[in-house]
């Protein structure tokens, strides 16, 4: 429990944009572990051993919009990090493709692409097979090429008044997406989208499904469930 290091990560941003709910990612940088962190309009990479800042990328909010907290975590696919920002829940999505690498301020050099027609506010995108799967709060699922942001295919999931807050999970070649009303959707995604099944939990679910040792753990408002293949 001894503190090994602490580093300041402070930026001047509009109201509520400094609020962050994201999870840092451990990635490899020049053969060493590093922490990729998203929040306060900046994507930063820090050395895991001592916290030294390797590079930072800003420029995610050129219009200085307020009330844009960072909720969805970034996802890494190959040499790119995909970052959801904006308010997709209010019809203002933003999705940025950032090329990993560099030193210092890489804002002007490492932003590969930006899209304003897809993204998520709460669910974190998933990566599998060299593609990134972005699930919006209202159930729009987009399969993207991480290097270019190009849409490979898009599908609107069965929807109700309930949103998707849990992040999509890809395991065993299947995609799992759970609505807040407890409806789980299971689909094949190789070569396109094919819905296989729906399962209704008698519970409100906003937590993401967790895989561990060939089991799936689902936490609802009242129950914790574990599922395994027979």
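Residue numbers (my numbering): 992 to 1221. We put the CB at the ideal spot given by N, CA and C, even for glycine.
- Within the DSSP secondary-structure output, residue 1177 pairs in a beta bridge with 1167 and 1188.
- Cβ-Cβ separation between residue 1138 and residue 1071: approximately 6 Å, consistent with a contact (criterion under 8 Å).
- Look at residue 1079 here: in three-state DSSP terms it is helix.
- Taking every protein chain shown into account, the CB of residue 1057 has fewer than 16 other CB atoms within 10 angstroms, so this residue is exposed.
- Under DSSP, residue 1096 forms a beta bridge with 1047.
- Comparing alpha-carbon positions, the option among 1179, 1055 and 1121 lying closest to residue 1009 turns out to be 1055.
- Counting along the chain, residue 1122 sits inside the beta strand (DSSP E) bounded by residues 1122–1126.
- When beta bridges are read from the DSSP output, residue 1019 appears opposite 1024.
- Residue 1004 counts as buried, since at least 16 other C-beta atoms from the protein chains shown sit within 10 angstroms of its C-beta.
- Going by beta carbons, residue 1109 and residue 1126 fall outside the 8 Å limit.
- Contact between the region 1176–1189 and the region 1198–1205 is absent: fewer than three C-beta pairs spanning the two stretches fall below 8 Å.
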